[in-house]
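Take the sequence shown: its letter number 128 is residue 127 in numbering that gives the first Met the number 0, and every next letter is one higher.
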Amino acid sequence: MKFNDIVIGIAFMLIGALAVFQARTFPAMRGQMVGPSTFPTIIGCGFLIGGVILIAKYMLAGKATPLLVTNQGWLKKKRVLGFLLLILGSLVFAIWIEEIGFVPGGIILALALLWLEGYRQPLILGCAAVFVVVVYYLLSQQLNVPLPAGSFI
0 MKFNDIVIGI AFMLIGALAV FQARTFPAMR GQMVGPSTFP TIIGCGFLIG GVILIAKYML
60 AGKATPLLVT NQGWLKKKRV LGFLLLILGS LVFAIWIEEI GFVPGGIILA LALLWLEGYR
120 QPLILGCAAV FVVVVYYLLS QQLNVPLPAG SFI
């Protein structure tokens, strides 16, 4: 499935505008110019600029393409199941992350997606588990992001 650059550009601009708009509601830090809203505002502005560039580049190219082009690959059962697993698994992970925990939930989701796509070699599955643990360590220990350990641990 391929989207036209105008569709992607508009999506980028909407996401960027939403990020900038939402970041305005973050509280200011007393005595500092940089606060919680700085990073989301910068990222949102980057999305806005990127969307404008994509749309301008498409318009300057002068070629007309359909807004959406599909191919037979997206009609395969495995692709649809993978997409549904990604969406539903992410929702379950987001809703019950406190109970499941970041590491167990991330490993289960990564292994399920890899298994569905046919990657069943122990080395690849092990790398996925190690990756989730490394991300947890970097976020929780190095960047002090509070990630839930879950009630199973």
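Built from N, CA and C at the ideal position, the CB exists for glycine as well.
My understanding is that residue i touches residue j, with C-beta atoms under 8 Å, so please give their C-beta distance in whole angstroms.
i, j, result
"F92", "L108", "6 Å"
Could you compute how far the alpha carbon of residue i sits from the alpha carbon of residue j?
i, j, result
"V79", "W73", "7 Å"
"A128", "T37", "33 Å"
"A27", "G104", "34 Å"
"M12", "G45", "9 Å"
"G88", "R29", "40 Å"
"A63", "D4", "11 Å"
From the DSSP output, read off the bridge partner residues of residue i.
i, result
"F2", "L67"
Taking all protein chains shown into account, decide if residue i is buried (16 or more other Cβ within 10 angstroms of its Cβ) or exposed.
i, result
"A60", "exposed"
"V68", "exposed"
"F101", "buried"
"A18", "buried"
Please state the DSSP three-state secondary structure of residue i.
i, result
"V91", "helix"
"P103", "helix"
"P145", "coil"
"R23", "coil"
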